[in-house]
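Colleague: Each residue of the sequence shown is one higher than the last, beginning at 198 in this note's numbering.
Glycine is no exception: its CB is placed at the ideal position from the N, C-alpha and C atoms.
As the structure is a computational prediction, the values presented were derived from the model and not from experiment.
One structure coming up, written as structure tokens, with questions to follow.
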Amino acid sequence: MILNNIIAIKSEDLDDNLPSWKWLQHLIKTLGEDGMSSEESSVENCVMNVLRVKDMDWWRNIKKELEIIDLQWVIDKDIFSLQGSQPLPRKCAPDNPVMSWDLVIGLPKALYDGLWMSELNE
198 MILNNIIAIK SEDLDDNLPS WKWLQHLIKT LGEDGMSSEE SSVENCVMNV
248 LRVKDMDWWR NIKKELEIID LQWVIDKDIF SLQGSQPLPR KCAPDNPVMS
298 WDLVIGLPKA LYDGLWMSEL NE
């Protein structure tokens with residue numbers, strides 16, 4: 198929903214970044230629900246809520262791409278509804294829980310982890 202709103206606004210303004218936002222939207226749609234890692238809430242330093250990204254060994258981390266979307270929500274919060282969940286920092290760490298979702302076949306090669314791919318056989 199956030200990406201739809203951003204793209205609608207950027208289309209009206211003929212923003213130079215419109216192709217990038219459409220690419221992000223395509224990325225999220227391509228991954229789909231099965232290609233996205235789930236997250237588990239936790240409290241860090243007894244102060245801030247964070248989302249601990251569950252690890253999928255075949256999945257390339259798209260934290261930077263997701264942060265772009267979250268940042269836009271913060272920058273333009275006056276145009277987004279204040280209802281619902283607000284973006285929280287995502288933490289990728291070796292001690293995060295492992296996710297048991299099966300491999301999603303047919304994604305673009307760039308969305309798979311390079312090390313995982315190098316260990317595949319025929």
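Can you name, in chain order, every residue of its own chain whose Cβ lies under 8 Å from the Cβ of residue 309, other than the five neighbours on each side?
Modeller: Around residue 309: 255, 256 and 257.
Colleague: Confirm, please, whether the CB-CB distance from residue 203 to residue 269 is below 7 Å.
Modeller: Contact flag set, yes.
Colleague: Label residue 259 either buried or exposed according to how many other C-beta atoms from any shown protein chain fall within 10 Å of its C-beta, with 16 as the threshold for buried.
Modeller: By the 10 Å Cβ count, residue 259 comes out buried.
Colleague: If you reduce the DSSP assignment to three classes, tell me which class residue 246 lands in.
Modeller: Correct three-state label for residue 246: strand.
Colleague: To the nearest angstrom, how far is the alpha carbon of residue 198 from that of residue 264?
Modeller: Between residue 198 and residue 264, the C-alpha separation is close to 15 Å.
Colleague: Give the single residue among 206, 220, 229 and 217 whose Cα lies nearest to the Cα of residue 303.
Modeller: Answer by Cα proximity: 229.
Colleague: Are the beta-carbon atoms belonging to residue 215 and residue 207 less than 7 Å from one another?
Modeller: Yes, the Cβ-Cβ distance between residue 215 and residue 207 is below 7 Å.
Colleague: Between the C-alpha atoms of residue 217 and residue 272, what's the straight-line distance to the nearest angstrom?
Modeller: Approximately 17 Å between the Cα atoms of the pair.
Colleague: What does the Cβ neighbour count give for residue 314, buried or exposed, with the cut at 16 atoms within 10 Å?
Modeller: Under this definition residue 314 is an exposed residue.
Colleague: Identify whether residue 213 lies in helix, strand or coil by the three-state DSSP scheme.
Modeller: In the structure shown, residue 213 sits in coil (DSSP, three-state: anything other than H, G, I, E or B).
Colleague: Does the beta-carbon of residue 317 have 16 or more other beta-carbons within 10 angstroms, so that it is buried, or is it exposed?
Modeller: Exposed: under 16 other Cβ atoms inside 10 Å.
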